[in-house]
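Protein chains: 2
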Amino acid sequence: MRAIGQQARAAARVLAPASTAKKDAALLAIAEAIRVEAKQLRHANEQDLQAGRDTGLGAAALDRLELTPERIESMAQGLEIIASLPDPVGVIADLTYRPSGIQVGRMRVPLGVIGIIYESRPNVTADAAGLCLKSGNAAILRGGSEAIHSNRAIGRCLERGLEVAGLPASAIQVVQTTDRAAVGELLKLQGYVDVLVPRGGKGLVERVARESRIPVIKHLDGICHVYIDDQADREKAIAVAYNAKTQRYGTCNTMETLLVAQSIAAEVLPDLAARYREAGVELRGCPKTQALLEDITPATEADWGTEYLAPILSIRIVAGIDEAISHIEAFGSQHTDAIITENLGRARRFLTEVDSSSVMVNASTRFADGFEYGLGAEIGISTDKLHARGPVGLEGLTCQKFIVIGDGHIRG
Amino acid sequence: MRAIGQQARAAARVLAPASTAKKDAALLAIAEAIRVEAKQLRHANEQDLQAGRDTGLGAAALDRLELTPERIESMAQGLEIIASLPDPVGVIADLTYRPSGIQVGRMRVPLGVIGIIYESRPNVTADAAGLCLKSGNAAILRGGSEAIHSNRAIGRCLERGLEVAGLPASAIQVVQTTDRAAVGELLKLQGYVDVLVPRGGKGLVERVARESRIPVIKHLDGICHVYIDDQADREKAIAVAYNAKTQRYGTCNTMETLLVAQSIAAEVLPDLAARYREAGVELRGCPKTQALLEDITPATEADWGTEYLAPILSIRIVAGIDEAISHIEAFGSQHTDAIITENLGRARRFLTEVDSSSVMVNASTRFADGFEYGLGAEIGISTDKLHARGPVGLEGLTCQKFIVIGDGHIRG
């Protein structure tokens, strides 16, 4: 792994000042290679699927692992989209004359070498490679061992595309070994790796954060809330609260707890509950919710702190915005929380006081996503506060250095 | 320490949404308290100085420790300057309509609780408190034990000012114990402390980074370079290279190594060397420098990687910009590096390719400073890449969260 780190560091020096044209040419060449190699990719993927079936991988895991023709085409298109995004590298902001006569500004530059550790989806190999490449970073990609044949095959496409564009093939390295010790070694490559991005279950993310001294862009829980204020518009409230839970169950930006102001509860909850039940959502409620709705499972203290990632919703009736904010502070995960209200003062308070990476007014939590936010693509969602917060796109893979331009200026 | 952490966390919740007016009122009230209490501050400081003399503290350390009337006034003025700076909190950037109809923007918010660990200068207590307060963060301040009486006395002024403005006194807590174990406990307060800022020697900074799992805004070496290009203006080159070394010797942004292009060396080095010697600077040179100048100590490999913080300068003659950039990459500390050139292409390359927190053209490295950059004040200089890079002012003590404003928008 040390050799991989050294090669990545050397490649990063070439990649950082590489022109946008060169990086885009590489992205397009990789997309092309993926299309040309589609058959070989499917063949490699079939080896992984067979091994997965042999070792008794579940249906959901096998589905995540599979590279269908559509998914292969979508990897290629993803790279083309990244090529079409503006290059963040080199952008100079706020270049300003100071009283001393020097000009001071900030130039956006790559972070250096990014280590990405992920689980079964092989398409992450292409997506992550594309984002790192466009942002001028070298990457070390360590996918799940169950996808090793697919990842190696995608790695060959990456290599070819980089070479076509005249960039070092070692700019994006797919770790070839399935040895579990390799992850531990990657976590210790400080000096070679500038930031780690674990993409996967909580166990993986926690392990990376615990074991490594390298900074980590990490995503832990998504315990998202919608608070229906007593000054909410009834129809908007029902539409948003329904969408935030049911549009997809397994995503981190799905609502897990619905908070409803006492005085509007009777107006919105019965209809909402009927719609949830129609969709097959299990409802768990606080005592007041139980009093209002029939056949409600009592919510326990543990429910408020659970990310279900499933058709289950906990509901709590609160006195008003203060109690809603307190509840979110106590049980939320600082991911995404929304208020439904027509009252400007309440909206303003919620936006200011709720300390989450995304805070919303009259919109579904499901919008918390790099594509919906206009980042073009995302490498993940950060629930940390330092550096990047929320969906992390190309800009999150860069930082700003200061630049100073003078004309022989000295400090007096 | 856990109790201090809990109180800080609770205070942070009050401070984050506090109005600019309230925070500024507190800053001005603290400045006032410092002026009113000047006599008591000097008395407390005298206790520290006496203890320092008794334990054989050196003259430089005693000087750092001393609170003269001028330094007390300067603490008060520093707080007034911070009050006059724009409040970064709540600033909304790039609020933009997306194709879905939602508006997406970023709102600047405090980090939460900042732990600051510093050494002998008691004025850091007031400076750091002011920056944290203005940026809406609660702070835990752990100064050196040799300054404990001074720090406690300043702490009482902080408390009074916060109370006058109606903010919780626990928003800024000065650790009252001199027990060395307290630092170790502070480093373990993850969950209560969001970021640590060690201010002091390399030993302290390395210890904090090594022992804590809390993110650290840290500053390690300042091995700064000036490269005199063969297309430099002779007079500007001499002025900048002289200023970068001699304006102050003990600061992190002082030049430690001078790189000179071969073909201009004979034109600039003899005069520069004469000026350095007049100022009492010891020169250590590469073989080519030794051939050009008389009485030059040979520079060893170790010299290129040394932050002298003293009137010593290492000089290396290089073939040109490529060798200069390679030298900086191999031996620099990614702090501050400058090129002297009239050639636009070279300037452009140096700005892009040198991966340091400040990169300069035709200006003295001594400008790398929060005040000179217009940040108003600085809590430190970061040599890290994530989050803040270079001088860290109020903005570096904040982060951006996403805000989304819709009108009942749901995701399709």
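Respectively, the protein sequence lines represent chains E and A.
Residue numbers for the first sequence follow our numbering, beginning at 4 and rising by one.
Residue numbers for the second sequence follow our numbering, beginning at 4 and rising by one.
From the three backbone atoms N, C-alpha and C, an ideal C-beta is built for every residue, glycine too.
This structure is a prediction, so every number in the text was calculated from the model and none was measured.
- Residue 164 of chain A and residue 389 of chain E have their C-alpha atoms roughly 29 Å apart.
- The Cβ atoms of residue 101 of chain E and residue 381 of chain A do not sit closer than 8 Å to each other.
- Leaving aside the five residues that flank residue 212 of chain E on each side, the residues in its chain whose CB is nearer than 7 Å to its CB run, in chain order, 219, 221.
- Taking the C-beta atoms as reference points, residue 4 of chain E is found nearer than 8 Å to residue 189 of chain E.
- If you compare the alpha carbons of A/277, A/306, A/265 with that of residue 325 of chain A, the shortest gap goes to A/265.
- Not a single C-beta of chain E is nearer than 8 Å to the C-beta of residue 281 of chain A.
- Interface annotation for the region 198-218 of chain A against chain E: 198, 218, criterion Cβ-Cβ distance under 7 Å.
- Separation of residue 139 of chain E and residue 223 of chain E (C-alpha to C-alpha, rounded to the nearest whole angstrom) is 27 Å.
- Beta-bridge partners of residue 230 of chain E (DSSP): E/262, E/342.
- Proximity of chain A to residue 250 of chain E at the Cβ level (cut-off 7 Å) is accounted for by 414, in chain order.
- For residue 113 of chain E, the enclosing beta strand (DSSP E) stretches over residues 106-113.
- With a cutoff of 8 Å on beta-carbon distance, residue 173 of chain A and residue 10 of chain A are scored as near each other.
- Taking a Cβ-Cβ threshold of 7 Å, the residues of chain A close to residue 390 of chain E are 389, 390, in chain order.
- The Cβ atoms of residue 365 of chain A and residue 410 of chain E sit closer than 8 Å to each other.
- A residue is called buried once 16 or more other Cβ atoms fall within 10 Å of its Cβ, and residue 193 of chain A, having fewer, is exposed.
- Two segments are said to touch when three or more pairs of C-beta atoms, one from each, lie closer than 8 Å; by this definition the region 279-286 of chain A does not touch the region 343-357 of chain A.
- Taking 8 Å as the cut-off, the beta carbon of residue 360 of chain E is found closer than this to the beta carbon of residue 386 of chain E.
- Per DSSP, reduced to three states, the secondary structure at residue 285 of chain E is strand.
- For residue 355 of chain E, the enclosing alpha helix (DSSP H) has its first and last residue at 347-356.
- Using beta-carbon distances, residue 404 of chain A counts as an interface residue toward chain E, with a partner under 8 Å.
- Cβ neighbours of residue 43 of chain A within its own chain (closer than 7 Å, five residues either side excluded): 156.
- For residue 36 of chain A, the closest of A/64, A/289, A/80 by C-alpha to C-alpha distance is A/80.
- The beta-carbon distance between residue 226 of chain A and residue 336 of chain A, rounded to whole angstroms, is 4 Å. This is short enough to meet the 8 Å contact definition.
- A distance below 6 Å between beta-carbons, with the five flanking residues on each side excluded, links residue 368 of chain E to the following residues of its chain, in chain order: 227, 247, 256, 258, 339, 341.
- In the DSSP assignment, residue 145 of chain A forms a beta bridge with A/120.
- Among the bridge pairs identified by DSSP, residue 186 of chain E is matched with none.
- Any Cβ of chain E closer than 8 Å to the Cβ of residue 110 of chain A would place that residue at the interface, and such an atom is present.
- Taking 8 Å as the cut-off, the beta carbon of residue 127 of chain E is found no closer than this to the beta carbon of residue 358 of chain A.
- For residue 251 of chain E, same chain residues with a beta-carbon under 8 Å away, outside a window of 5 residues either side, are 257, 369 in chain order.
- Identification of residues in the region 358-376 of chain E having a C-beta nearer than 8 Å to some C-beta of chain A yields 358, 359, 360, 361, 362, 363, 364, 365, 366, 367, 369, 370, 371, 375, 376, given in sequence order.
- For the region 11-41 of chain A, the set of positions with a beta-carbon nearer than 8 Å to some beta-carbon of chain E reads 16, 19, 20 in chain order.
- Contact between the region 19-33 of chain A and the region 76-90 of chain A is present: 3 or more CB-CB pairs across the two stretches fall below 8 Å.
- Listed along chain E, the residues sitting closer than 7 Å to residue 105 of chain A by beta-carbon distance are 366, 370.
- The C-beta distance from residue 121 of chain E to residue 146 of chain E rounds to 5 Å, short enough to meet the 8 Å contact threshold.
- Inside the region 157-219 of chain E, DSSP marks whole alpha helix (DSSP H) runs of 4 or more residues at positions 184-190, 205-214, from first to last along the chain.
- Nearest Cα to residue 294 of chain A within the set A/304, A/116, A/277, A/272: A/272.
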